[in-house]
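The numbering used here numbers the first residue of the sequence shown as 231 and each following residue consecutively.
Quick reminder that beta carbons are idealized off the backbone N, C-alpha and C, glycines included.
Source: prediction; values computed, not measured.
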Amino acid sequence: MVERLDYELSRRTWLGAAFPSVIMDCFGPGVVAAFMGARMDDSSGRIWFHPPRENMPIEDIHLAFDPDHPVLQRILDIYRAAHKRWRGQVQLGHTDLGGNLDLLAHLRTSEALLMDLYGSPGEVERCLGEIHGIWWKYFELIQEVIQPENPGCTNWLDYFSPTVTYTTQCDFGYMISPQMFSRFALPELEKTWEKLAIPVYHLDGIGQRAHLPLILENRHLAAIQWVPGDGQPDESHWPEIYQTIAGAGKKIICNNPRCVPAIAGQTGHPGLIASSNRYVFPGTDYETAISLLAQCGW
């Protein structure tokens, strides 16, 4: 597998501050759910996670750290082989571990968890506390494997950091009110932001805009990635969101470098904007990429 990844990397040219990286997000968004017992389903060509058994009451969910889980060991084996092959020439990043509420939704289903917020809030908080501790054990275990020869740190969003970073998320937050977000999502996020050197938040979808004021109040949070969501205008069409983020002194991570010049103009703070390493221009767009770099001062 590593040889195949090496071949794919050899077909690319990195421009500006881009860098070769492997992040192993092919195991699905929120793979910690699998480590905690969720069933993995790849029948659609993508990875989805389902509860360990149907209609399991939240009171029956008791979670534990499993360092020997076969999916985890497969990921670690690939990372070790990658280190042996590249010796620090390719940045290895954290896979998509998932956010706490998202992971619990994988174990319960989103519909059941929404009902739990009303019917069993104490049990939800208990599970979230267990998940938080377990999540950090997996984060630190993977970090021990990928970090020794890495020149820096990256993760599933694929940006470079000289120190420990991660892109936190709560996609489940799209479906709940700011009051519920404040109770069930924010406490764990704030604990994680305090522990990370450079914490980032993935603000996914228009339903999460209501949570932005709460998120921006945190002094530890370094940056936000805004994703409008399917069926919405691209990232360059949301000046009010970027102005709010920049006004709070947070950096902006843009997934599409084509949108960076527009966002820089909207905020008046080009130094606060970074582009994710995930975007790949087709070879036919080489001149477009060079032009964008020139507009960004490269």
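- request: Determine the DSSP secondary structure at residue 269, reduced to helix, strand or coil.
  value: Along the sequence shown, read from residue 1 onward, the residue named residue 269 stands at position 39. Strand, per DSSP.
- request: Could you tell me whether the region 297-311 touches the region 336-344, using the rule of 3 or more Cβ pairs below 8 Å?
  value: no
message: I'd like to know if residue 444 contacts chain D, where contact means its C-beta is closer than 8 Å to some C-beta of that chain.
response: Reference to chain D is not applicable here, since this structure consists of a single protein chain.
task: For the alpha helix (DSSP H) containing residue 279, list its first residue and its last residue.
output: Residue mapping note: residue 279 aligns to position 49 of the sequence shown, counting from 1. Where residue 279 is concerned, there is no enclosing alpha helix (DSSP H), although the beta strand (DSSP E) it sits in stretches over 278-280.
Same chain, Cβ closer than 6 Å to residue 479, neighbours up to 5 away in sequence not counted: Taking the first residue of the sequence shown as 1, we reach residue 479 at position 249. If we look at residue 479 and ignore the five residues flanking it on each side, it has no Cβ neighbours.
- request: Using beta-carbon positions only, say whether residue 332 and residue 402 come within less than 8 Å of one another.
  value: Translated into positions along the sequence shown, residue 332 becomes position 102. Translated into positions along the sequence shown, residue 402 becomes position 172. Their beta carbons are under 8 Å apart, which means residue 332 touches residue 402 by this criterion.
- prompt: By DSSP, does residue 429 sit in helix, in strand, or in coil?
  reply: Mapped onto the sequence shown, residue 429 falls at position 199. The answer is strand: DSSP assigns residue 429 an E or B state.
- request: Quick one: measure Cβ to Cβ for residue 455 and residue 485, integer angstroms, because I've assumed they're closer than 8 Å.
  value: As a first step, residue 455 must be located in the sequence shown, where it is residue number 225. As a first step, residue 485 must be located in the sequence shown, where it is residue number 255. Going by Cβ atoms, the distance from residue 455 to residue 485 rounds to 7 Å, so yes, they are a contact pair.
task: Could you check which residue in 444, 368, 505 has the C-alpha nearest to that of residue 457?
output: Here residue 457 is taken as the residue at index 227 of the sequence shown, counted from 1. Checking every option, the nearest Cα to that of residue 457 belongs to 505.
message: Let's test the definition: count the other Cβ atoms within 10 Å of the Cβ of residue 255 and tell me whether it reaches 16, buried, or not, exposed.
response: Residue numbering aside, residue 255 sits at position 25 when the sequence shown is read from its first letter. Burial call: buried.
task: Sort 430, 289, 253 by Cα distance to residue 380 and report the nearest one.
output: Looking up residue 380 in the sequence shown gives position 150. Just measuring C-alpha positions, the residue of 430, 289, 253 sitting nearest residue 380 is 253.
message: Is the separation between the beta-carbon of residue 279 and that of residue 258 shorter than 8 Å?
response: Position 49 of the sequence shown, counted from the start, is the residue given in the question as residue 279. Position 28 of the sequence shown, counted from the start, is the residue given in the question as residue 258. Going by C-beta atoms, residue 279 is nearer than 8 Å to residue 258.
task: Go through the region 403-455 residue by residue and report every complete run of the beta strand (DSSP E) that reaches 3 residues or more, in order.
output: As far as the region 403-455 is concerned, its whole beta strand (DSSP E) runs of at least 3 residues are 428-434.
- request: Check the C-beta distance from residue 344 over to residue 354 and give it rounded, since I have them as a contact under 8 Å.
  value: By 1-based counting over the sequence shown, the position of residue 344 is 114. By 1-based counting over the sequence shown, the position of residue 354 is 124. So it is not a contact: roughly 10 Å between Cβ atoms.
Close beta carbons around residue 435, own chain, < 6 Å, minus the five adjacent residues each side: Here the question's residue 435 lines up with position 205 in the sequence shown. 404, 459.
message: Check this for me: beta carbons of residue 334 and residue 302, under 8 Å apart or not?
response: Stepping through the sequence shown from its first residue, residue 334 is reached at position 104. Stepping through the sequence shown from its first residue, residue 302 is reached at position 72. In this structure, residue 302 does not lie closer than 8 Å to residue 334 by Cβ.
message: Checking the sheet assignment: what are the DSSP bridge partners for residue 383?
response: Within the sequence shown, residue 383 is the residue found at index 153, counting from 1. Beta-bridge partners assigned by DSSP to residue 383: 391.
task: Please state whether DSSP places residue 478 in a helix, a strand or coil.
output: Taking the first residue of the sequence shown as 1, we reach residue 478 at position 248. Correct three-state label for residue 478: coil.
task: Compare the beta carbon distance of residue 329 and residue 400 with 8 Å and say whether it is the shorter of the two.
output: For the purposes of this step, residue 329 is taken as residue 99 along the sequence shown, with counting starting at 1. For the purposes of this step, residue 400 is taken as residue 170 along the sequence shown, with counting starting at 1. Taking 8 Å as the Cβ cut-off, residue 329 and residue 400 qualify as a contacting pair.
field: Rounded C-alpha distance that separates residue 377 from residue 251
entry: Counted from its first residue, the sequence shown places residue 377 at position 147. Counted from its first residue, the sequence shown places residue 251 at position 21. Roughly 13 Å between the two C-alpha positions.
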